[in-house]
């Protein structure tokens, strides 16, 4: 009635409808493409398809099996979201890794000896099960390794 009285265009009606929505209905508007938000007929069709009583009956689980299925799907969704958003603390940025300048032959030999010593230490570490002095590369806590986490 107000739209007829004020001679609103389709885009004005869509704008007024979209700005007056609350809760789940507002969520539907934000899910739409920006250019479709001002299409009044499309907006009404989307809201009808979601909130019409015939369509709402399909939204809620009817049996215990349906409830379990929805719960499992939700749990899988949450696990997948955590996997996608997990920032692994073990990853170092390349610019944080210090570079050492190697100028002469003596310096090269020193670097090779240093790397050889580090490799020997790693080999000894892999043979022993003593993780007391080791910091986990994944979580940063001393005393265990990620491969030993359950």
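Numbering (full-length UniProt numbering), first residue to last: 1 to 150. A virtual CB, placed ideally from N, CA and C, is assigned to each residue, including glycine.
Return yes when the Cβ of residue j is within less than 8 Å of the Cβ of residue i, no when it is not.
i, j, result
"residue 47", "residue 25", "yes"
"residue 18", "residue 29", "yes"
"residue 72", "residue 61", "no"
"residue 134", "residue 124", "no"
I think residue i touches residue j, with their Cβ atoms under 8 Å apart; what is that distance to the nearest whole Å?
i, j, result
"residue 39", "residue 14", "6 Å"
Among the options, which has the Cα closest to the Cα of residue i?
i, options, result
"residue 139", "32, 65, 9 and 86", "86"
"residue 37", "23, 16 and 53", "16"
"residue 22", "51, 4 and 34", "51"
Looking at the strands, I want to know which residues DSSP matches up with residue i.
i, result
"residue 142", "135"
- Fully enclosed by the segment 7-42, which alpha helix (DSSP H) runs are 4 residues long or longer? Counting only runs that start and end inside the segment 7-42, the alpha helix (DSSP H) elements of at least 4 residues fall at 10-20 and 24-31.
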